[in-house]
Amino acid sequence: MNIAIIGGGIGGLTAAAGLHKIGIKAHVYEQASSFKPLGAGIGIGSNAMLALQKIGVAEDIVKAGMPLHEQRFLNDAFKVMNSIDFTLLKEKFGEENIAIQRADLHEALFQSIDLAYIHFQHEVTDFTQDKDQILVTFNHHDKKSFDYVIAADGIHSVFRQTLVPNSRPRYANYTCWRGTTKNQRDVALHISSEAWSKQGRFGWAPLHNGDVYWFACVNAPEADDYYVSLEKEGVANLFSHFPPPIGRLIAEAEDDSFLHHDLYDIQPLDTFVYGRTLLLGDAAHATTPNMGQGAGQAMEDAYELMLALDREHSVEAAFARFDARRVQKTQKVIEFSRQIGWAAQWDHPFLVYFRNTVFPFVPKSLLFRSLTFLFK
Ligand SMILES: Cc1cc2nc3c(=O)[nH]c(=O)nc-3n(C[C@H](O)[C@H](O)[C@H](O)COP(=O)(O)OP(=O)(O)OC[C@H]3O[C@@H](n4cnc5c(N)ncnc54)[C@H](O)[C@@H]3O)c2cc1C
52 MNIAIIGGGI
62 GGLTAAAGLH
72 KIGIKAHVYE
82 QASSFKPLGA
92 GIGIGSNAML
102 ALQKIGVAED
112 IVKAGMPLHE
122 QRFLNDAFKV
132 MNSIDFTLLK
142 EKFGEENIAI
152 QRADLHEALF
162 QSIDLAYIHF
172 QHEVTDFTQD
182 KDQILVTFNH
192 HDKKSFDYVI
202 AADGIHSVFR
212 QTLVPNSRPR
222 YANYTCWRGT
232 TKNQRDVALH
242 ISSEAWSKQG
252 RFGWAPLHNG
262 DVYWFACVNA
272 PEADDYYVSL
282 EKEGVANLFS
292 HFPPPIGRLI
302 AEAEDDSFLH
312 HDLYDIQPLD
322 TFVYGRTLLL
332 GDAAHATTPN
342 MGQGAGQAME
352 DAYELMLALD
362 REHSVEAAFA
372 RFDARRVQKT
382 QKVIEFSRQI
392 GWAAQWDHPF
402 LVYFRNTVFP
412 FVPKSLLFRS
422 LTFLFK
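Taken in order, the sequence shown gives residues 52 to 427; the numbers are from my numbering.
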């Protein structure tokens, strides 16, 4: 069986590892000329760690990760409004949440695949499919025919936007900077924190190598010139109302880790299967990062695809099983994540006062339970 995976991001590489494990030697076609993982860190939920364990690629990721035991939500004076006990996830489901350098995550996934199956400088520009094959055109006008394609080409997926023309990414109305900063002297180990204020939101987590990963979001028009032009000092000024160590974390961020992006998701799709094409990861269900689940859901996709292809008698049946197991769950992640971002980014003083007064009274058990759908 001749299956191509388009895109060598977290989703594409994890899917390749899963397919190779069951003997399907899928090739990965990636537009970049080499792996240049974006700086900064990423949180991997314990549900996704379970998927990585089952695929057999978790070992190096666990070693490079910082286990997170608690998530704290703070107000603008850093008073804890509420928290989620992540140790219960480990107790109940067997894995814990981790924070990891993106470069380490990518490297571990990359190392788990035989290099002969990864092809750089292969940007897909077009494709056609019929009942017998899918014909893919690459940027150098080379055409290749496949039995099936796993489109893991990210939120701006050529495949999705061709197959579902009205699926353009939706702006979430906030813009976000990320970075990693050396030295955890003023940061609690094993705890990730997020502070909410009417001027913006700041989150941070310690990493295994002694750095701190952080993100900072403010409400903004899409592609706003002022925010696009800001350097570290300008971003530190936006968050100068927060207590230490926020100013230090922003001002001392490693240059190559300092990133800025407007945030988007996509309207949930009804299906990820279009003839011989299956959408996976952000191509299928890009979500805002408020639950820390975008990459995690791509990893779960990879595991479910591996399982479906292993268990079903035909690829069509496997794709149908994948769809049945993934569409509703990822819809819920997109919607829940958007709602969290909406409330966390409130800037109206009355709404902020209301949220900060009510949130501390939400039982921790309820916050925990709101995450358990991720394990179903
Ligand atoms: C600010 C921010 C913070 C985040 N934090 C978290 C977090 O803490 N936890 C979490 O789980 N997720 C997080 N995410 C989400 C996570 O980064 C994504 O969900 C994840 O990277 C998606 O992986 P993917 O492989 O589906 O897509 P991508 O990472 O976008 O990979 C797509 C790949 O396809 C390639 N490609 C694209 N088009 C083509 C083409 N035409 N031909 C060939 N190749 C192509 C690209 O070069 C790329 O390598 C965050 C996202 C943002 C923006």
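Ideal placement from N, C-alpha and C gives every residue a C-beta, glycine not left out.
By DSSP, does His170 sit in helix, in strand, or in coil?
-> strand
Which two residues bound the contiguous alpha helix (DSSP H) that contains Phe253?
-> That residue, Phe253, is in no alpha helix (DSSP H); its beta strand (DSSP E) goes 251 to 257.
Kindly examine ligand 1 and report whether one of its heavy atoms sits closer than 7 Å to the Cβ of Phe426.
-> no
Can you say whether Phe323 is buried or exposed, counting buried as having 16 or more other CB atoms within 10 angstroms of its CB?
-> buried
Give the single residue among Pro295, Ser97, Ala302 whose Cα lies nearest to the Cα of Gly285.
-> Ala302
Under 8 Å by Cβ, that's how I've got Ala256 and Gly92 pegged, so tell me the actual separation to the nearest angstrom.
-> 7 Å
Give every residue of the same chain whose Cβ lies closer than 7 Å to the Cβ of Glu273, excluding the five residues on either side of it in the sequence, and list them in chain order.
-> Tyr222, Asp313
Mind checking whether Gly230 and Phe309 have CB atoms under 8 Å apart?
-> In this structure, Phe309 lies closer than 8 Å to Gly230 by Cβ.
What is the rounded straight-line gap between the Cα of Phe412 and the Cα of Trp265?
-> 27 Å
According to the neighbour-count rule (16 or more other Cβ atoms, all chains shown, within 10 Å of its Cβ), is Glu110 buried or exposed?
-> exposed
Would you mind reading off the limits of the beta strand (DSSP E) that contains Arg221?
-> 221 to 233
Can you give me the Cβ contacts of Leu330 inside the same chain, cut-off strictly under 6 Å, excluding the 5 residues immediately before and after it?
-> Ala202, Arg211, Phe323
Count the other CB atoms within 10 Å of the CB of Ala368; is the residue buried (16 or more) or exposed (fewer)?
-> exposed
Please classify Asp352: is it buried, with 16 or more other beta-carbons within 10 angstroms of its beta-carbon, or exposed?
-> buried
Phe171 versus Gly107: straight-line alpha-carbon distance, rounded = Near 24 Å, if we compare the C-alpha coordinates of Gly107 and Phe171.
Reduced DSSP category for Pro411 - H, G, I as helix; E, B as strand; rest coil | helix
Determine the extent of the beta strand (DSSP E) in which Phe124 is found, giving its start and end residues.
-> 121 to 125
Whole-angstrom distance between Asp275 and Ala395, CA atom to CA atom = A straight-line Cα-Cα distance of about 21 Å links Ala395 and Asp275.
Host alpha helix (DSSP H) of Gly392 (start-end) = 366 to 395
How about Ile56 and Ala77: are their beta carbons less than 8 Å apart?
-> Inclusion of Ile56 and Ala77 in the CB contact set at 8 Å is warranted, their separation being smaller than that value.
For ligand 1, is there a heavy atom less than 7 Å away from the beta-carbon of Tyr168?
-> no
Is the beta carbon of Leu289 sitting closer than 8 Å to the one on Gln250?
-> yes
Any heavy atom of ligand 1 closer than 7 Å to the CB of Arg299?
-> no
Cβ of Arg229 versus every heavy atom of ligand 1: is any distance shorter than 7 Å?
-> yes
Which residue comes first and which comes last in the beta strand (DSSP E) that contains Lys194?
-> Element bounds for Lys194: 194 to 197.
Per the contact definition of three or more C-beta pairs closer than 8 Å, is the region 231 to 246 in contact with the region 185 to 199?
-> no
What is the residue span of the beta strand (DSSP E) that Asp177 lies within?
-> 175 to 180
Pro340 versus Thr381: straight-line alpha-carbon distance, rounded = 13 Å
Within this structure, are the beta carbons of Gly332 and Ile61 separated by less than 8 Å?
-> yes
Taking the C-alpha atoms as reference points, what is the distance between Gln379 and Phe426?
-> Their backbone Cα atoms lie some 13 Å apart in a straight line.
Could you name each continuous alpha helix (DSSP H) segment of 4 residues or more that falls completely within the region 272 to 313, going from the start of the chain to the end?
-> 276 to 280, 283 to 289, 297 to 302
Would you kindly check if the distance between the Cβ of Leu156 and the Cβ of Ile112 is under 8 Å?
-> Less than 8 Å divides the Cβ of Ile112 from the Cβ of Leu156.
Chain B within 8 Å of Glu303, Cβ atoms only = No chain B appears in this structure, which consists of one protein chain only.
Candidates Gly326, Gly145, Tyr278, Asp262, of which the one nearest Asp183 by Cα = Gly326
How many angstroms separate the CA atom of Leu258 from the CA atom of Lys415?
-> 25 Å
Give the DSSP bridge partners of Pro118, in chain order.
-> Ile149
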